[in-house]
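Numbering (this note's numbering), first residue to last: 23 to 177. Glycine included, every Cβ here is placed at the ideal spot set by N, Cα and C. Note that the structure is a prediction, hence the values are computed from the model and not measured. Written out below as C-alpha cells is the structure these notes cover.
The structure is reproduced here in C-alpha cells:
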C-alpha cells in the first residue's frame, strides 16, 4: 500500500467569508475534492525533486496500482501529469493514461504539455474526464477559447 503522506489529502472543509475579510473564516458543510497527484514518466509513477528531471524518484512501476491504492483509501479524483509530454507537447504516456481512466472509477484529469487541440482530443478520447491547459491557456488565447468552446468544463 502506498504511503499517502507523500500525497495530498482527499477532502477538506471549506470556509466562507461573508464580510470580505480574508482573515475571518467561518466553517461550512461544503466539501472540496482534492486530487491525488501522479506524475508519469516512461509509464511509471514518479516524483521530481524541485521539478528537476535528474532528481526523479520512481514510486511505482505500475501507476494503476497507485491509483487503485488511492481509490481503496477513499480517493475519488486523480490528477495526472505527463512529465514527458510537458517537455515535448505530445502524449508519450497516453497508453498508461488510457488504462488509468478505463480501469478505475476515479474522476481523471491530465496536464503536461497540452498545447494543441489534437492533444486535447487524444486525451479526452482516451477517457480522461478533463484536461489541464496550464501555460498554454495563458500564452495562446485563441487555443484556450477554442478548447473551451468545444469542450467547456472538460477543460
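Inter-residue Cα distance where the pair is residue i and residue j
i	j	result
residue 74	residue 58	20 angstroms
residue 141	residue 112	7 angstroms
residue 102	residue 130	7 angstroms
residue 69	residue 87	16 angstroms
residue 148	residue 107	15 angstroms
residue 78	residue 100	20 angstroms
residue 177	residue 137	12 angstroms
residue 62	residue 166	24 angstroms
residue 110	residue 155	14 angstroms
residue 175	residue 95	27 angstroms
residue 121	residue 60	14 angstroms
residue 119	residue 150	8 angstroms
residue 89	residue 173	25 angstroms
residue 143	residue 170	12 angstroms
residue 65	residue 92	18 angstroms
Within-8 angstroms CB hit, residue i to chain C
i	result
residue 132	Absent from the structure is chain C; it holds one protein chain and no more.
Start-to-end residues for the alpha helix (DSSP H) that takes in residue i
i	result
residue 90	85–94
residue 146	139–147
As assigned by DSSP and simplified to three states, the class of residue i
i	result
residue 118	helix
residue 165	helix
residue 170	helix
residue 46	A caution first: residue 46 carries a pLDDT of 42, below 50, which makes its placement in the model unreliable, though a value can still be read off. DSSP places residue 46 in coil when its eight states are reduced to three.
residue 1	With the chain represented from 23 up to 177, any question about residue 1 goes unanswered, as that position is not in the structure.
Beta-ladder partner(s) of residue i, from DSSP
i	result
residue 154	133
residue 177	Answer by DSSP bridge pairing: none, since residue 177 is not bridged.
Terminal residues of the beta strand (DSSP E) in which residue i lies
i	result
residue 103	99–104
residue 69	66–71
residue 80	74–82
residue 59	58–63
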